[in-house]
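To start, the structure itself, in structure tokens.
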Amino acid sequence: MDVPPIQITQAPPLNAGAAPFLAKAPPFWLPMRHFVAAAFSFWLFAAALVWGNSRLLGFSFDARWALGLTHLLTLGWVTMTIMGALIQLMVVVHGVPFAAPGRLAWAWALLTAGTAGFVGGLWAGWDRYWIAAALVFAGVLIYLQVFVESLIQGGKLDWTGRHVAVALAYLSLVILLGLLLAYDRERGILFHDPRGVLIAHIHLALVGWVSLMIVGASYRLVAMFSLSHIESKAPGLVALVLANVGLLGLALDSLLGSRRLLSAWACVLAAAYAAYAFQMNGIFRGRLRRIDPALAYTLLALLGGAVWAALGLGLAFGLVKDGAPQEIAYVLAALLGWATPFILGQIHKIVPFLVWLHVFSPKNWRPPLQIPRTQDLASEKAAWWEMGFLAAAAYSLIGGFLLESPALIRLGSWSLLVCATLYAGNTALTLSFLKRPWTPSKPRP
Ligand code: HEM
Numbered sequence: 005m006d007v008p009p010i011q012i013t014q015a016p017p018l019n020a021g022a023a024p025f026l027a028k029a030p031p032f033w034l035p036m037r038h039f040v041a042a043a044f045s046f047w048l049f050a051a052a053l054v055w056g057n058s059r060l061l062g063f064s065f066d067a068r069w070a071l072g073l074t075h076l077l078t079l080g081w082v083t084m085t086i087m088g089a090l091i092q093l094m095v096v097v098h099g100v101p102f103a104a105p106g107r108l109a110w111a112w113a114l115l116t117a118g119t120a121g122f123v124g125g126l127w128a129g130w131d132r133y134w135i136a137a138a139l140v141f142a143g144v145l146i147y148l149q150v151f152v153e154s155l156i157q158g159g160k161l162d163w164t165g166r167h168v169a170v171a172l173a174y175l176s177l178v179i180l181l182g183l184l185l186a187y188d189r190e191r192g193i194l195f196h197d198p199r200g201v202l203i204a205h206i207h208l209a210l211v212g213w214v215s216l217m218i219v220g221a222s223y224r225l226v227a228m229f230s231l232s233h234i235e236s237k238a239p240g241l242v243a244l245v246l247a248n249v250g251l252l253g254l255a256l257d258s259l260l261g262s263r264r265l266l267s268a269w270a271c272v273l274a275a276a277y278a279a280y281a282f283q284m285n286g287i288f289r290g291r292l293r294r295i296d297p298a299l300a301y302t303l304l305a306l307l308g309g310a311v312w313a314a315l316g317l318g319l320a321f322g323l324v325k326d327g328a329p330q331e332i333a334y335v336l337a338a339l340l341g342w343a344t345p346f347i348l349g350q351i352h353k354i355v356p357f358l359v360w361l362h363v364f365s366p367k368n369w370r371p372p373l374q375i376p377r378t379q380d381l382a383s384e385k386a387a388w389w390e391m392g393f394l395a396a397a398a399y400s401l402i403g404g405f406l407l408e409s410p411a412l413i414r415l416g417s418w419s420l421l422v423c424a425t426l427y428a429g430n431t432a433l434t435l436s437f438l439k440r441p442w443t444p445s446k447p448r449p
């Protein structure tokens, strides 16, 4: 069902000026620079994968190349986008007037420079790449400080806020373990079982930080974009409890124990995912909107999450061969199968909304006139194509690494590059509205 362009037939109240939301909102450039840097990292990741995918299999396996690629995706794309979205979400969800743009600009600069130095250092063969990783650590500490202050200022935490708070706590552990691991790669004095620490770092990152953030955001954003409302939160509560039990069990077992219970923790985590999927099923069934690209991306993400959980069970029970390519398939299922479709779906709404808010806000309305809708600021057709290429990329890459097939990996890498290029083009199209001259037109009769 298509909604006609917004028509303004009555003057806004005198003091409306910009939408009231704008008074509390962060400056436009603050979230937006995160989204632009993230789009660039996503594109660079896809291009680097096309160029160097032969370094990820067999005798030519290059651990530094793989590690650099992983962190270009996890820090440059996933974490960078989440930080930008959180800056916006804090105002929308908690209604807290936005504070500390200066500190957040520093945090962005440190995260950007640190990620570039960390990945570049790994690829250039520096031994002390952990020095650049320390910049990431410092940047993330600033984000954590500002977000925690905002959560405290917002008072009682709602459903999404609780997920955000828990995810931020896990992020602090992720960056601490990551920095110690990087330092220990050079010195070899901190950990007697680096493999256990690596398993803890990976799961605290992918489950604790990325997934809990996505889960919390999905309850709010998917319900809002689909015009659905949550009848019962019981499955979501079960998912939250099980995810924390499974994750803490797995992390402690990996850090301190013998890793004998890994398959039990994998079952608990898979059960958490099933409960979450049940909750999302309720939201989708109650929706009043047609399936647009944003909701279709969310469905693709839900499928990716199920594939990731199945691979986790397969690895834990020895049904999937436990080799480096299969571990890459597991990490890619989380990052390209689950996190990326969810992120793209929401960002396709958030970026046009931000531009709309700042360009077409009610400040200069002189009714009657007709202004574009947020969905007019991006190409829906390109968004559908992006999604097709992303699905092809994710499943060719996951299959390619599982089966150790260079042809499938090449196909997946090229598909991802097409997806990332279309996404960058669509973002540029939306941003072009900042510069386009706009004259309000009269409403159609
Ligand atoms: C300060 C930030 C970080 C640093 C310094 C860091 C460092 C590291 C290091 C040194 C390893 C390899 C350890 C080894 O092989 O012994 C690693 C692996 C990994 N990290 Fe991080 N990390 C950071 C943040 C993150 C974040 C935020 C995520 C996810 C959102 C993440 C996801 C991963 C994954 C998935 C692996 C496994 C890579 C693979 O098997 O190829 N890391 N990290």
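Going by this note's numbering, the first residue of the sequence shown is number 5, and it counts up by one from there.
Each residue gets a CB set at the ideal place from its N, CA and C atoms; glycine is no exception.
As assigned by DSSP and simplified to three states, the class of Ile234: When DSSP states are grouped into helix, strand and coil, Ile234 belongs to the coil group.
Between the C-alpha atoms of Ile332 and Leu73, what's the straight-line distance to the nearest angstrom? Here the alpha carbon of Ile332 sits roughly 11 Å from the alpha carbon of Leu73.
Against chain D, with Cβ distances strictly below 9 Å, would Thr85 count as a contact? Among the protein chains of the structure shown there is no chain D, as only one such chain exists.
Starting from Ala470, follow the alpha helix (DSSP H) in both directions and report where the run begins and ends. Since the first and last residues shown for the chain are 5 and 449, residue 470 lies out of range.
Extent of the continuous alpha helix (DSSP H) run through Leu216: The continuous alpha helix (DSSP H) containing Leu216 extends over residues Leu216 to Phe229.
My parser needs the alpha helix (DSSP H) runs of 4 or more residues fully inside the segment 293-332; what are they? As far as the segment 293-332 is concerned, its whole alpha helix (DSSP H) runs of at least 4 residues are 297-320.
I believe Leu129 touches Ala136 by the beta-carbon criterion, under 8 Å. Please report the beta-carbon distance rounded to the nearest angstrom. Here residue 129 is Gly; the residue named in the question, Leu, does not match the sequence. About 13 Å separates the beta carbons of Gly129 and Ala136, which is beyond the 8 Å limit, so they are not a contact pair.
Is the segment 338-358 touching the segment 264-275, taking contact as three or more C-beta pairs under 8 Å? The segment 338-358 makes no contact with the segment 264-275: fewer than 3 CB pairs, one atom from each, lie closer than 8 Å.
With a threshold of 8 Å (Cβ to nearest heavy atom), would Pro198 be considered close to the ligand HEM? Annotation for Pro198 indicates a beta carbon within 8 Å of some heavy atom of the ligand HEM.
DSSP three-state assignment for His167, whether helix, strand or coil: In the structure shown, the three-state DSSP call for His167 is helix.
Please tell me whether, using a cut-off of 8 Å, the distance from the CB of Arg189 to the nearest non-hydrogen atom of the ligand HEM is below it. Remark: the C-beta of Arg189 is in contact range of the ligand HEM, defined as less than 8 Å to any heavy atom.
Cα separation between Ala186 and Val152? C-alpha separation (whole angstroms): 27 Å.
Leu265, DSSP secondary structure in three states: Here Leu265 sits in coil by DSSP.
Using the three-state DSSP reduction, which class does His352 fall into: helix, strand or coil? Shown here, His352 sits in a helix according to DSSP, grouped into three states.
When the Cα atoms are used, what is the spatial distance from Ala320 to Pro30? In this structure, the CA atom of Ala320 is about 44 Å from the CA atom of Pro30.
Find the nearest neighbour of Gln330 within the set Leu407, Asp380, Ala313 and Asn430, judged by alpha-carbon distance. Comparing Cα-Cα distances from Gln330 to each of Leu407, Asp380, Ala313 and Asn430, the minimum goes to Leu407.
For Trp312 versus Gly220, is the C-beta spacing smaller than 9 Å? Against a cut-off of 9 Å, the Cβ pair of Gly220 and Trp312 comes out as no contact.
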